[in-house]
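Participant:
In the numbering used here, the protein residues as written are 601 to 686.
1) Given this structure, state the Cα-to-Cα distance separating residue 656 from residue 606, to the nearest angstrom.
2) In whole angstroms, give me the CA-to-CA distance for residue 628 and residue 670.
3) How far does the alpha helix (DSSP H) with residue 610 in it extend, from its first residue to its last?
4) Tell me which same chain residues have a C-beta within less than 6 Å of the C-beta of residue 678, skipping the five on either side of it?
5) Throw me the rounded Cβ distance for the residue 604 and residue 674 pair, which I believe falls under 8 Å.
Laid out in structure tokens, this is it:
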């Protein structure tokens, strides 16, 4: 994983490396490229029962950039409503 490789190289510089892996996210592009039927099918695969929002991703990114995550490095955070876990 990218994050795990870089944590060793950058630890002496006090730089934390983490990765966000988004699931299906409600963006203008999604509306153009997916029919309502395809969206419903995608939602059916998500344990939380909905498509993610840009805010979902933004809040995860802000958390990882904040001091609240000061002891977190080298992870891949799946922001996908639980899809990666099933």
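Beta carbons are placed, not taken as given, at the ideal position from N, Cα and C, and that holds for glycine.
Facilitator: So, from the listed chains and residues:
1) 25 Å
2) 33 Å
3) In this chain, the alpha helix (DSSP H) harbouring residue 610 covers 602–610.
4) 621, 684
5) The pair is a contact, with the Cβ atoms about 5 Å apart (cut-off 8 Å).
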